[in-house]
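Numbering (our numbering), first residue to last: 151 to 634.
Next up, the structure:
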């Protein structure tokens, strides 16, 4: 069933509910049972992982916070709480959501998924005093119980943290957010009271209220089911990729390794070899993941529950396979250029020419445009004699000169906003890799556009006081952030 069909179905159900109660002199609704809204809890505190890289929290603060958190009656679903406390503007992003994602990927990669969400059982609270932002995020299973993707719960948690933050009492702010987010008694009572309120009244008024509430609850349910369905579908796509491509790529791995270590020109720097060694070793570790006991081969991918639970294992395996495949393409391309293959050389020259032209048409500086015009002419000269004995040396000098021009473009054209994201050269296992340490104009332009969008998003969030759910990378998760 399509997303729109589901939403229309919710709307139709809401109308039917409203209409049924509107004719409610002939209908009765059972009194809500409080037990139906109970949330399973545990006396055992969740594992606390406290990250305090800038010393924002003193040892006494940490002890106080840990003690306070132990007083909470935890929902069974919450098994790990990450507390992130930042206080250095140079090491964090203006958008705290990006800071959270990047820190998890660097320090807790097993606790964050590839495209959406965190590892099951995870609750995240974060504070960035330097940028005056704070956030709460949850794994999908935690969100399903605590409702942190709703339009009311996340803002209320964010708001609860503000008084403590404004008075520089960070432990109090973090405890306020955590305790409200996991206040199962309050949440149970709110849900029970909503059901009681829905039962009150009759006729058109009751029908309208009930239909509206049914529509809201139904739409939230549709959104959660759709998100889970997308994750299951992605898991199946990853499974298909791994089971189809792994064996063939494994058979080519030795050949790729020979070519990678046969490169002798300036293409073959130490960083290229290090990057290839990293992805090669990751691929070699896939054998047990794919074929070992409890590995991918044992997953019943047609079972939704198994597919959902294995989604991170599958995503990691698919990413490693994709990275190795990209590395193979890039190594073969560099090898063929070195060996004098005219077709490969001309293909690369055409791609370089397109990038230089895009740069020339996009910038304002007249002197830099003239430099780019001269570089375009040098590309055409090389294209006339792709098998020339001096081709490789001439090509490397061209790339070095273009890199200098790109550095000047970055300084003169793209310094209008704060660099909220580091401009990094693609690696050998990236699809858009060109040459070692080389960042093409199209990548630089995309980086600048991302910085502009992040600045606009941060400004809009700060001025409106609304909850910010945006990640620059496209990542998403239940929860949000705010400012104080």
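From the three backbone atoms N, C-alpha and C, an ideal C-beta is built for every residue, glycine too.
C-alpha distance - residue i paired with residue j, whole-angstrom precision
i, j, result
"residue 177", "residue 342", "With a pLDDT of 48 at residue 177, under the threshold of 50, the predicted position of this residue should be treated as unreliable, though the coordinate-derived value follows. Roughly 21 Å separates the two Cα atoms."
"residue 378", "residue 590", "37 Å"
"residue 542", "residue 272", "52 Å"
"residue 234", "residue 466", "25 Å"
"residue 567", "residue 605", "7 Å"
"residue 489", "residue 623", "38 Å"
"residue 627", "residue 268", "7 Å"
"residue 482", "residue 535", "21 Å"
"residue 216", "residue 199", "10 Å"
"residue 322", "residue 221", "13 Å"
"residue 403", "residue 430", "8 Å"
"residue 620", "residue 492", "45 Å"
"residue 451", "residue 219", "39 Å"
"residue 595", "residue 571", "13 Å"
"residue 634", "residue 276", "13 Å"
"residue 194", "residue 285", "25 Å"
"residue 486", "residue 632", "51 Å"
"residue 517", "residue 501", "23 Å"
"residue 211", "residue 317", "14 Å"
"residue 443", "residue 494", "43 Å"
"residue 331", "residue 192", "15 Å"
"residue 436", "residue 405", "18 Å"
"residue 521", "residue 470", "40 Å"
"residue 260", "residue 513", "41 Å"
"residue 400", "residue 410", "15 Å"
"residue 573", "residue 407", "28 Å"
"residue 329", "residue 519", "58 Å"
"residue 214", "residue 625", "33 Å"
Proximity to residue i [Cα-Cα], best of the options
i, options, result
"residue 396", "192, 464, 554 and 548", "464"
"residue 289", "513, 194 and 629", "629"
"residue 592", "189, 469, 575 and 478", "575"
"residue 239", "420, 209 and 204", "204"
"residue 433", "473, 419, 459 and 452", "473"
"residue 448", "389, 211, 619 and 304", "389"
"residue 438", "413, 461 and 392", "392"
"residue 383", "328, 406, 415 and 453", "453"
"residue 274", "544, 458, 308 and 241", "308"
"residue 295", "339, 415 and 190", "190"
"residue 398", "478, 457 and 410", "478"
"residue 458", "256, 312 and 266", "266"
"residue 325", "335, 312 and 337", "312"
"residue 618", "444, 405 and 305", "305"
"residue 230", "407, 196, 243 and 522", "196"
"residue 188", "340, 520 and 244", "340"
"residue 186", "293, 202, 253 and 338", "338"
"residue 241", "616, 410, 202 and 415", "202"
"residue 540", "573, 519, 415 and 523", "415"
"residue 455", "599, 597 and 380", "380"
Rounded distance between the beta-carbons of residue j and residue i, thought under 8 Å
i, j, result
"residue 533", "residue 499", "5 Å"
"residue 525", "residue 555", "7 Å"
"residue 559", "residue 509", "6 Å"
"residue 246", "residue 287", "Contact doesn't hold; Cβ gap of about 10 Å is too wide."
"residue 320", "residue 314", "7 Å"
"residue 480", "residue 545", "That belief does not hold up - the Cβ atoms of residue 480 and residue 545 are roughly 16 Å apart, past 8 Å."
"residue 236", "residue 206", "7 Å"
"residue 528", "residue 548", "5 Å"
Sequence-distant residues of its chain with Cβ nearer than 6 Å to residue i (five each side left out)
i, result
"residue 577", "425"
"residue 270", "289 and 291"
"residue 303", "297"
"residue 232", "199 and 274"
"residue 419", "586"
"residue 579", "429, 473, 476 and 477"
"residue 264", "465"
"residue 293", "299 and 628"
"residue 581", "476"
"residue 334", "189, 191 and 225"
Close Cβ partners of residue i (< 7 Å) along its chain, the five nearest in sequence each way excluded
i, result
"residue 515", "562 and 563"
"residue 552", "506 and 525"
"residue 484", "413 and 417"
"residue 569", "601"
"residue 496", "533 and 536"
"residue 616", "none"
Close Cβ partners of residue i (< 8 Å) along its chain, the five nearest in sequence each way excluded
i, result
"residue 421", "586 and 587"
"residue 446", "389, 392, 393, 439, 440, 460, 463, 464 and 467"
"residue 385", "451, 457, 458, 460, 461, 464 and 465"
"residue 504", "none"
Closer than 7 Å: residue i CB and nearest the ligand MG heavy atom
i, result
"residue 289", "Summarising the ligand content, the structure contains no ligands, and the ligand MG is consequently not present."
message = With a threshold of 8 Å, are at least 3 pairs of Cβ atoms found where one atom belongs to the stretch 218 to 227 and the other to the stretch 278 to 286?
response = The stretch 218 to 227 and the stretch 278 to 286 do not touch, with fewer than 3 CB-CB distances between them shorter than 8 Å.
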